[in-house]
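S.K.: Okay, handing you the structure first.
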Amino acid sequence: MVQPEWIPPSVDISVPSMARTYDYLLGGAHNFAVDRELAVQVERIMPDARSAARVNRAFLGRAVRHMIGQGITQFLDIGSGIPTVANVHEVAQAVDPGCRVVYVDKDPIAVAHSELMLAENDRAAVVHADMRDPRAILDHPETRGLLDFDRPIGLLVLMMLHWVPDEADPWGLMATYREALAPGSHLAITHVTADDQDESLADVTDLIKGSRSADQLNERSHERVLALFGDFELVEPGLVGCAAWRPGGPGDMSQTPAMNMVIYGGVGRKP
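Numbering (numbering that gives the first Met the number 0), first residue to last: 0 to 270.
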């Protein structure tokens, strides 16, 4: 199979990627047949999966605007994914054009398209790295060139940590990131949960297991997601279904109640 020129040669388009599947669910175009096939199978099990993706994306915008309201003008978005509508730099720079943003992703397609999108933007950059290697991200020249770690930073880790298995110690990883931030920094997390969900989520988890994807879903309880914030002080309303985190209107929520609760969302502040 000959791959189009825009696809990095290291990408195996015969295996689904969760970043590209998520892109498809959001209505994006940077995905392949194998990703779309997986997404269609997910939607057969969970018909409103697209609305869960949309609800998470809406949370991103509210969290970024909240952080700007707290005086934050620099952001580190880990697991940023393939660029779509309302990316962090677009939301932030629409409020304050001086905001600086560093995106991080391990997916080469996400990185390639981010580089294209940011080519004319000297206040935003992308780093190709895996969140399981914090030093590669925190010490990267692009990160250090744009972000001042002596000042508060808005750290976003959205729809990312449920792809990190327990054996990779996501709690330890997050401790490393939290420790690198100055007081007054904010941390936003969204994470899939099985709390109060029916068997459809377990069926989706099993489907992904059988897909050969390198990304495997690890849904976690409220208590275990809350622990990812460490000693950060959660702002109201705490860790909730992300649709319930300061919704601005009906567009921030799904018409299917379960999709409003399948992803926890919260924002914490470093004392």
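Idealized CB from N, CA, C, for every residue including glycine.
Counting only runs that start and end within the segment 78–157, where is the beta strand (DSSP E) found for 3 or more residues in a row?
M.R.: Every unbroken stretch of the beta strand (DSSP E) spanning 3 or more residues and falling wholly within the segment 78–157 is given here in chain order: 99–104, 123–127, 153–157.
S.K.: Take the Cβ of Ser184 as the centre, count every other Cβ of all protein chains shown within 10 Å, and call the residue buried at 16 or more, exposed below.
M.R.: buried
S.K.: Once the 5 residues before and after Trp162 are set aside, which same chain residues still bring their CB inside 6 Å of it?
M.R.: Asp214
S.K.: Report the option in Ile81, Val261, Leu115 whose CA atom is closest to the CA atom of Gln196.
M.R.: Nearest of Ile81, Val261, Leu115 to Gln196, Cα basis: Val261.
S.K.: Suppose you measure from the CA of Ser50 to the CA of Met173; what does that come to, to the nearest Å?
M.R.: Near 28 Å, if we compare the C-alpha coordinates of Met173 and Ser50.
S.K.: Sort Gly171, Val94, Phe228, Gln40 by Cα distance to Leu154 and report the nearest one.
M.R.: Phe228
S.K.: Using 10 angstroms around the beta-carbon of Arg131, count the other beta-carbons present and answer buried if the total reaches 16, otherwise exposed.
M.R.: exposed
S.K.: Could you name each continuous alpha helix (DSSP H) segment of 4 residues or more that falls completely within the segment 169–228, going from the start of the chain to the end?
M.R.: For the segment 169–228, whole alpha helix (DSSP H) runs of length 4 or above, ordered along the chain, are 169–178, 198–208, 221–225.
S.K.: Taking the beta strand (DSSP E) that Val266 belongs to, which residues open and close that run?
M.R.: 262–268
S.K.: Helix, strand or coil for Leu25, going by three-state DSSP, please let me know.
M.R.: coil
S.K.: For the pair the segment 20–27 and the segment 57–74, tell me if three or more CB-CB distances fall below 8 Å.
M.R.: Taking 8 Å as the limit for Cβ pairs, the verdict is that the segment 57–74 does not touch the segment 20–27.
S.K.: Give me the DSSP bridge partner(s) of Gln73.
M.R.: Arg99
S.K.: Cys241 and Thr204: beta carbons closer than 7 Å?
M.R.: Not a contact, by the Cβ cut-off of 7 Å.
S.K.: What is the C-beta distance between Ile136 and Ala128, in whole angstroms, given that I count them as a contact (C-beta under 8 Å)?
M.R.: 5 Å
S.K.: Between Gly267 and Leu206, what straight-line distance do the alpha-carbon atoms span, to the nearest angstrom?
M.R.: 33 Å
S.K.: What residue range does the alpha helix (DSSP H) around Val33 cover?
M.R.: 32–44
S.K.: Here's a check: name, in chain order, each residue in its chain whose Cβ is nearer than 7 Å to the Cβ of Val14, leaving out the five neighbours to either side.
M.R.: Val33, Arg211, Ser212
S.K.: On a Cα-Cα basis, can you pick out the residue from Met158, Thr192, Ala181 that is closest to Asp76?
M.R.: Met158
S.K.: Report yes if the CB atom of Phe74 is closer than 7 Å to the CB atom of Val94, and no otherwise.
M.R.: no
S.K.: Less than 8 Å between C-beta atoms, sequence neighbours within five positions excluded: which residues of the same chain meet that for Val54?
M.R.: Cys241, Ala242, Asp251, Met252, Ser253, Met258, Asn259, Ile262
S.K.: Please report whether the beta-carbon of Leu37 lies at a distance below 7 Å from any beta-carbon of chain D.
M.R.: Absence of chain D from the displayed structure is noted, only one protein chain being present.
S.K.: Below 8 Å CB to CB, which residues in the same chain sit around Thr192 once its five sequence neighbours on both sides are set aside?
M.R.: Glu218, Arg219, Ser220, His221, Val224, Met260, Val261, Ile262, Tyr263
S.K.: CA-CA distance, Leu145 and Gly97?
M.R.: For Leu145 and Gly97, the gap between their C-alpha atoms comes out near 11 Å.
S.K.: Check Leu233 in the structure and name its three-state DSSP category.
M.R.: Note: Leu233 maps to strand in three-state DSSP.
S.K.: Rounded to the nearest angstrom, what separates Val1 and Asp11 at their Cα positions?
M.R.: Because the pLDDT at Val1 is just 45, under 50, the model does not fix this residue reliably, and the point stays unresolved.
S.K.: Between Pro169, Ala167, Leu233, which has its C-alpha nearest Leu186's C-alpha?
M.R.: Of the listed residues, the one whose Cα sits closest to Leu186 is Leu233.
S.K.: Using DSSP with H/G/I as helix, E/B as strand and the rest coil, what is Val1?
M.R.: Bear in mind that a pLDDT of 45 at Val1, under 50, signals an unreliable position, so the number given afterwards is only what the model happens to contain. Note: Val1 maps to coil in three-state DSSP.
S.K.: Please report the distance separating the alpha-carbon of Ala18 from that of Pro270.
M.R.: Within the model, the alpha-carbon separation for Ala18 versus Pro270 is close to 33 Å.
S.K.: So Glu141 packs on Val126, CB below 8 Å; how close in whole Å?
M.R.: 5 Å
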